[in-house]
Amino acid sequence: MDKVKCLINMIIAYLIYPFNKGKFKNRNIWLVGGNAGELFVDNGRAMYEYLRSRQQEEVYWVINRNAKIAKKIPGEKLIKGSVKSYLYFMNAKVALFSHSISADIVPYLFVVPLINKFHKKVFKVFLNHGTVGFKVRQAMNPKTAKVAEALVKSYDLNICDSEFEKKVKTETWWEVPKETAVITGYPRYDKLYNLKITEKQIFFMPTWRNWLKSENSENQKFEETKYFQNIANLITDKELNNYLEKNDIKLNIYIHQLMQDYLKNFGNIKLGKNIKILPKEVNITEELQKSKLLITDYSSVAYDFYYLNKPIIFFQFDKREYEEKVGSYVDLDKDLFGKQAKTVEKCVEEIIEISENNFHYDREMKQKSDKLREKFLKYVDKGNCERVYNEILKRIN
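In this text, residue positions in the sequence shown follow full-length UniProt numbering: the first is 1, and each later residue adds one.
Shown next as structure tokens:
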């Protein structure tokens, strides 16, 4: 929904709000959203399903009008940017979201005078969509950086999964107030189970590159970028493809949500019969559970796989450029909890080595991974949603 339409609907909701107080009296409304209203995944989904299972709150998922996933979402839904969604937010007790309250729940309300009093009224829970570790905070739009910073600092609860992450969030990242940062573990971890895997499957999920999105690499065509070429060279590598086919191993690739504009470019790659590119709507949690090995670069999905205690290869072909343009709170030389590969050849070597070892690390890497676990994951259980929920109740009551 465009900005003008959202603002008009917001004003209408504000004007009719006084006449609808009776309708909302004594209702315990909680709104949940994520991924700018496009997807039903991640921490938002985990908390939504948890709340629905409790049947104590009146819960709504906020979604875009034409989102493809809409029919697959159970329960009550609100259309983001509609009069009804703004009105329900104005009468809500709690809002939970994975990206931002403006992107996921109520567009632009935070910056509109008078109406933004409702932003202060509702208890706001920032679930985040991944552990803060491999990406130094950068505003998506430099023009709105100050607004974005004020928005994040206005949230009442900011979820963390370790002391390390809490320190990053309160001392560097957005420098959120310490009293709002709480270590509960991420809700989506509750959905992670070590299933009995019969098929041999590898999951490859590189993260996005903000400089490719913002600059479109200046005069460089996307297929000429180091990003595209390294991914393409890996998945078309002859030795790798021969090994996968010989050992009946599948390699599934998921292109990051923010790089989906380039899906056609990846679609032009001639893939081997054991390699495929997954659609945008795929359930990432399920892919993680079904896979024996994860290949990523700097994606926070690595923490999910780490949670499952399964092997990871960090394919960091552009490490120097990434550290200069993005940066990492995690020391990429000392504190990686998986194997590091900076070239296609090294990545192929590590894939084969781990696969040959029945998808386990060698002893040295296993010891390092185990040692770092306490630093990056405080809880490894199925109580993450419950801890978030109890923390909310403690603060709103």
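Don't be surprised by glycine CBs; every beta carbon is placed ideally from N, CA and C. Since this is a predicted model, take the numbers as computed values, not measurements.
| field | Cβ separation of F97 and I105, assumed to be a contact under 8 angstroms, to the nearest whole Å | value | Locating residue 97 in the sequence shown gives position 97, counting from the first residue. Locating residue 105 in the sequence shown gives position 105, counting from the first residue. Their Cβ separation, rounded to whole angstroms, is 5 angstroms, which keeps F97 and I105 in contact under 8 angstroms.
| query | Leaving out five residues before and five after G130 in sequence, what residues of the same chain have Cβ atoms less than 6 angstroms from its Cβ? | reply | Residue numbering aside, residue 130 sits at position 130 when the sequence shown is read from its first letter. These residues qualify, in order along the chain: S300.
| message | Could you pull the DSSP bridge partners for L294 from this structure? | response | By one-based count along the sequence shown, residue 294 stands at place 294. DSSP, once it has assigned bridges, lists F203 and I312 as partnering L294.
| What first and last residue would you give for the alpha helix (DSSP H) that runs through G267? | On the sequence shown, position 267 is the one that residue 267 refers to. Looking at the DSSP string, the run of the alpha helix (DSSP H) that includes G267 is L263 to G267.
| message | Quick check on the burial criterion: 16 or more other C-beta atoms within 10 angstroms. Buried or exposed for R188? | response | For the purposes of this step, residue 188 is taken as residue 188 along the sequence shown, with counting starting at 1. So R188 counts as buried.
| In chain order, each beta strand (DSSP E) run of at least 3 residues that lies wholly inside the stretch 60-100 | 76-79 and 94-97
| Cβ neighbour criterion (16 or more within 10 Å) applied to I16 | If you number the sequence shown from 1, residue 16 lands on position 16. Classification of I16: exposed, given that the 10 Å Cβ count is below 16.
| Taking buried to mean at least 16 other C-beta atoms within 10 Å of its own C-beta, is Q316 buried or exposed? | Sequence index remark: in the sequence shown, residue 316 carries index 316 (1-based). Q316 should be labelled buried.
| Around the Cβ of T180, are there at least 16 other Cβ atoms within 10 angstroms (buried) or fewer (exposed)? | Mapped onto the sequence shown, residue 180 falls at position 180. By the neighbour-count rule (16 or more Cβ atoms within 10 Å), T180 is buried.
| query | Exposed or buried, which one is Y193 when buried takes at least 16 other CB atoms within 10 Å? | reply | Here residue 193 is taken as the residue at index 193 of the sequence shown, counted from 1. Classification of Y193: exposed, given that the 10 Å Cβ count is below 16.
| request: Report yes if the CB atom of L31 is closer than 9 angstroms to the CB atom of A95, and no otherwise. | output: For this step, residue 31 is matched to residue 31 along the sequence shown. For this step, residue 95 is matched to residue 95 along the sequence shown. Taking 9 angstroms as the Cβ cut-off, L31 and A95 qualify as a contacting pair.
| request: For F19, count neighbouring C-beta atoms within 10 Å of its own C-beta (all shown protein chains included) and say buried if the count is 16 or more, exposed if not. | output: Numbered from its first residue, the sequence shown carries residue 19 at position 19. F19 comes out exposed.
| Leaving out five residues before and five after V348 in sequence, what residues of the same chain have Cβ atoms less than 6 angstroms from its Cβ? | As a working note, residue 348 is residue 348 in the sequence shown. Counting only Cβ-Cβ distances below 6 angstroms, and skipping sequence neighbours, we find D237, E239 and L240.
| query | For L293 versus I202, is the C-beta distance shorter than 9 angstroms? | reply | Here residue 293 refers to the residue found at position 293 of the sequence shown. Here residue 202 refers to the residue found at position 202 of the sequence shown. Going by C-beta atoms, L293 is nearer than 9 angstroms to I202.
| request: Label I231 either buried or exposed according to how many other C-beta atoms from any shown protein chain fall within 10 Å of its C-beta, with 16 as the threshold for buried. | output: Stepping through the sequence shown from its first residue, residue 231 is reached at position 231. Buried, because 16 or more other Cβ atoms sit within 10 Å of the Cβ of I231.
| message | Assuming the contact rule is C-beta atoms closer than 8 angstroms, D156 and R387 should be a hit. Round their C-beta distance to whole Å, please. | response | For the purposes of this step, residue 156 is identified with residue 156 of the sequence shown, where counting begins at 1. For the purposes of this step, residue 387 is identified with residue 387 of the sequence shown, where counting begins at 1. That belief does not hold up - the Cβ atoms of D156 and R387 are roughly 16 angstroms apart, past 8 angstroms.
| said: With a threshold of 8 angstroms, are at least 3 pairs of Cβ atoms found where one atom belongs to the stretch 2-12 and the other to the stretch 79-88? | reply: yes
| Closest by C-alpha distance to V132, when choosing among Q260, Y60, E163 and G37 | Taking the first residue of the sequence shown as 1, we reach residue 132 at position 132. Comparing Cα positions, the closest option is E163.
| task | For H99, I'd like the list of residues in its chain whose CB is within less than 7 angstroms of its CB, leaving aside the five on either flank, ordered along the chain. | result | Reading the sequence shown from its first residue, position 99 is the one you call residue 99. Here the set comprises G34, N35, A36 and H129.
| request: Compare the C-alpha of C6 against each of A103, H360, T207 and E57 and name the closest. | output: Along the sequence shown, read from residue 1 onward, the residue named residue 6 stands at position 6. C6 has its Cα closest to that of A103, out of A103, H360, T207 and E57.
| field | Beta-bridge partners of C160, as assigned by DSSP | value | As a working mapping, residue 160 is identified with position 160 in the sequence shown. The partner list for C160 (beta bridge, DSSP) reads I183.
| Extent of the continuous alpha helix (DSSP H) run through L39 | In the sequence shown, counting from the first residue as 1, residue 39 sits at position 39. L39 -> no alpha helix (DSSP H), and no H or E assigned at all.
| task | Out of D190, Y379, I313 and Y254, point me to the one whose CA is closest to K342's CA. | result | Locating residue 342 in the sequence shown gives position 342, where the first residue counts as 1. Ranking D190, Y379, I313 and Y254 by Cα distance to K342 puts I313 first.
| message | Between E286, E149 and S355, which has its C-alpha nearest T170's C-alpha? | response | By 1-based counting over the sequence shown, the position of residue 170 is 170. It is E149 whose Cα lies nearest to the Cα of T170.
| message | Within a Cβ cutoff of 6 angstroms, which residues of the same chain sit near W208, ignoring the five residues on either side of it in sequence? | response | In the sequence shown, counting from the first residue as 1, residue 208 sits at position 208. Cβ within range, chain order: H256, L258 and M259.
| said: Can you look up Y14 in the DSSP assignment and give me helix, strand or coil? | reply: Position 14 of the sequence shown, counted from the start, is the residue given in the question as residue 14. In this structure, Y14 counts as helix in the three-state DSSP scheme.
| query | Helix, strand or coil: how does DSSP classify I352 here? | reply | As a first step, residue 352 is located in the sequence shown; it is residue number 352 there, counting from the start. Three-state result, I352: helix.
| field | Beta-carbon proximity check, D190 vs L127, cutoff 9 angstroms | value | Taking the sequence shown and counting its residues from 1, one reaches residue 190 at position 190. Taking the sequence shown and counting its residues from 1, one reaches residue 127 at position 127. For D190 and L127, no; Cβs fall outside 9 angstroms.
| task | Using alpha carbons as the reference points, say which of Y307, D297, I277 and Y298 lies closest to L288. | result | Here the question's residue 288 lines up with position 288 in the sequence shown. The candidate whose alpha carbon is nearest that of L288 is Y307.
| Cutoff 7 angstroms; reference M365; Cβ partners in own chain excluding five residues on either side | Reading the sequence shown from its first residue, position 365 is the one you call residue 365. Hits under 7 angstroms: K339.
| message | Once the 5 residues before and after I352 are set aside, which same chain residues still bring their CB inside 6 angstroms of it? | response | Stepping through the sequence shown from its first residue, residue 352 is reached at position 352. Y243.
| Which value, in whole angstroms, describes the spacing of the CA atoms of R320 and K120? | To locate residue 320, count along the sequence shown from 1; it is residue 320. To locate residue 120, count along the sequence shown from 1; it is residue 120. Computed Cα separation, rounded: 42 angstroms.
| said: Please list the terminal residues of the continuous alpha helix (DSSP H) segment that includes Q229. | reply: Here residue 229 refers to the residue found at position 229 of the sequence shown. K226 to I235 is the span of the alpha helix (DSSP H), which, as asked, contains Q229.
| According to the neighbour-count rule (16 or more other Cβ atoms, all chains shown, within 10 Å of its Cβ), is G44 buried or exposed? | Position 44 of the sequence shown, counting from 1, holds the residue named residue 44. The residue in question, G44, is buried, as its Cβ has 16 or more Cβ neighbours within 10 Å.
| field | Nearest to N26 (by Cα), restricted to the options V122, R363 and A92 | value | The sequence position of residue 26 within the sequence shown is 26, counting from 1. Per the Cα distances, A92.
| query | Span of the alpha helix (DSSP H) holding L372? | reply | Sequence index remark: in the sequence shown, residue 372 carries index 372 (1-based). That run of the alpha helix (DSSP H) goes R363 to F376.
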